[in-house]
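Trainee: Okay, handing you the structure first.
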Amino acid sequence: MSIANNLHSILNSIPKNVSLIAVSKTKPDAAILEAYNAGQRAFGENKIQEMAQKYEALPKDIEWHMIGHLQSNKVKYMAHFVHLIHGVDSFKTLKEINKQALKHNRVINCLLQLKIAKEDTKFGLSTSEIEAMIVSEEFLALKNIYIKGFMGMATFTDDESIIRDEFKTLQNNYSIFKKTYNTFNFNPSIISMGMSNDYKIAIEEGSTMIRVGSLIFGERNYI
Ligand SMILES: *Cc1c(COP(=O)(O)O)cnc(C)c1O
6 MSIANNLHSI LNSIPKNVSL IAVSKTKPDA AILEAYNAGQ RAFGENKIQE
56 MAQKYEALPK DIEWHMIGHL QSNKVKYMAH FVHLIHGVDS FKTLKEINKQ
106 ALKHNRVINC LLQLKIAKED TKFGLSTSEI EAMIVSEEFL ALKNIYIKGF
156 MGMATFTDDE SIIRDEFKTL QNNYSIFKKT YNTFNFNPSI ISMGMSNDYK
206 IAIEEGSTMI RVGSLIFGER NYI
């Protein structure tokens, strides 16, 4: 199947209120252009420098989503163009995003990554860390970031019940935070969860944004 066919079959199988981020990490510009020519505009990358190179080379109406783990010292390379940062997993990084956004006179949209998987290798904040952060005065001073929701990654497992439980946890916490807190820079409406292997479960559990790579572009070859 071609990239365009893969895209359309996914788009036809998901509800209209769920948006699709095409995860193009490690894939060449030509593959991204194929998806672009089929109508896709939102792409996800997990390395800041790779995303910045692709931003330079490709059409400027592409929305670039940073979905990977963030290193604070690299935020500056994407602050002028990034559309949504999914994986904010520390207050320090959020403050750096605010600082870089201010330099470009922008407000950068962010999602907080909640740690839902039991695996130690997965990044993310706990609910108590998120709570402590968003009620702090330091947080209310951040005028150049806007928290639009939450992101999570399920455990890498064949056991569907574990994945489903983790997605339920994310949805549940999203609802609680949305109900409890609302400030000029915190107003959640997005739940980013679901990848090639688990996006159907994620949608059943309330995902509004899925991040799909290999089902669109084929398996990745890591060096
Ligand atoms: C790579 C990646 C994806 C996409 O993974 P696929 O299994 O190829 O769909 C989604 N989210 C994150 C955070 C990723 O790093």
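Numbers in the numbering used here are just positions in the sequence shown, counted from 1, shifted up by 5. Heads up, the beta-carbon is just placed ideally off N, CA and C, and yes, glycines get one too. Keep in mind it's a predicted model, so treat the numbers as computed, not measured.
#1: Is it right to say P33 is buried, meaning 16 or more other beta carbons lie within 10 angstroms of its own, or is it exposed?
#2: Could you have a look at Y151 and say whether DSSP puts it in helix, strand or coil?
#3: Is it true that the CB of L117 sits closer than 8 Å to the CB of V93?
#4: Is it the case that the CB of N192 approaches a heavy atom of ligand 1 more closely than 7 Å?
#5: Which residue marks the beginning of the alpha helix (DSSP H) containing L145, and which one marks its end?
#6: Should K81 and Q105 be called a contact, given that it needs their Cβ atoms to be closer than 8 Å?
#7: If contact is defined by three or more beta carbon pairs under 8 Å, each pair taking one atom from either stretch, is the stretch 189-198 in contact with the stretch 206-213?
#8: Starting from the N-terminal end, write out each residue whose C-beta falls within a distance shorter than 5 Å of any non-hydrogen atom of ligand 3.
#9: Are the stretch 117-136 and the stretch 51-67 touching by the rule of at least three beta carbon pairs closer than 8 Å?
#10: Taking the CB atoms as reference points, tell me whether A27 and V217 lie closer together than 8 Å.
#11: Is it right to say I113 is buried, meaning 16 or more other beta carbons lie within 10 angstroms of its own, or is it exposed?
#12: Residues in its own chain within less than 6 Å of M214 by CB, not counting five upstream and five downstream?
#13: With three or more C-beta pairs closer than 8 Å as the rule, is the stretch 199-206 touching the stretch 83-98?
#14: With a Cβ-Cβ cutoff of 8 Å, do H70 and A40 count as a contact?
Mentor: Quick answer:
#1: exposed
#2: strand
#3: yes
#4: no
#5: 142-145
#6: yes
#7: yes
#8: Inclusion of ligand 3 in the displayed structure is not the case, the ligand content consisting of ligand 1 alone.
#9: no
#10: yes
#11: buried
#12: S24, I195, S197
#13: no
#14: no
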